[in-house]
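Undergrad:
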Amino acid sequence: MQPSLLAGETGDVSPFSPYNLHGDFIALEDAGYFTMGVAFFFAASALDKGTGPLRAVRIVWGLSAVLVVGSLVLLATFYGRDLEYRYEVAAIVIDSVALIVSGVLLSRAWHPAKAPPDARPRRVF
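Note that the numbering used here has the sequence shown beginning at 4, numbered continuously upward.
1) Determine, using beta-carbon pairs with one atom in the region 83 to 99 and one in the region 38 to 58, whether at least three such pairs fall under 8 Å.
2) Consult DSSP for residue 113 and reduce its assignment to one of helix, strand or coil.
3) Given this structure, state the Cα-to-Cα distance separating residue 112 from residue 60, to the nearest angstrom.
4) Run through the region 77 to 114 for me and flag every whole alpha helix (DSSP H) of 4 or more residues, listed as ranges in chain order.
5) Please tell me whether residue 86 and residue 27 are closer than 9 Å, where the distance is taken between their beta carbons.
6) What is the residue span of the alpha helix (DSSP H) that residue 31 lies within?
What follows is the structure, given as structure tokens:
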């Protein structure tokens, strides 16, 4: 709310409105995307180093964690209180690309045809 007051945006500004660029709604979204970047770091460190696709997933998640956290630091330093939706857009792009790429890589790594014969699911019918 403080950036809205400092910018003179006091008329009909609700702190919980998604249209208020300095409101709580945008701040909570930014916190969520930041948390998702931190979660990528922990997920990458917990993933097995086994096959090539799993190593690639670790790299994708680690890189996206660094980019999401680093972009917040960089954008907050550069824009200060006028951060508005800039970090949200950057984090959405980074997180979305990481999820798409890692989804494809994980499906290749854990495909049932590539599993050892004793680990393949058995048909019931």
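Each residue gets a CB set at the ideal place from its N, CA and C atoms; glycine is no exception. These numbers come from a predicted model, not from an experiment.
TA: With the structure as the only source:
1) yes
2) coil
3) 10 Å
4) 89 to 112
5) no
6) 27 to 49
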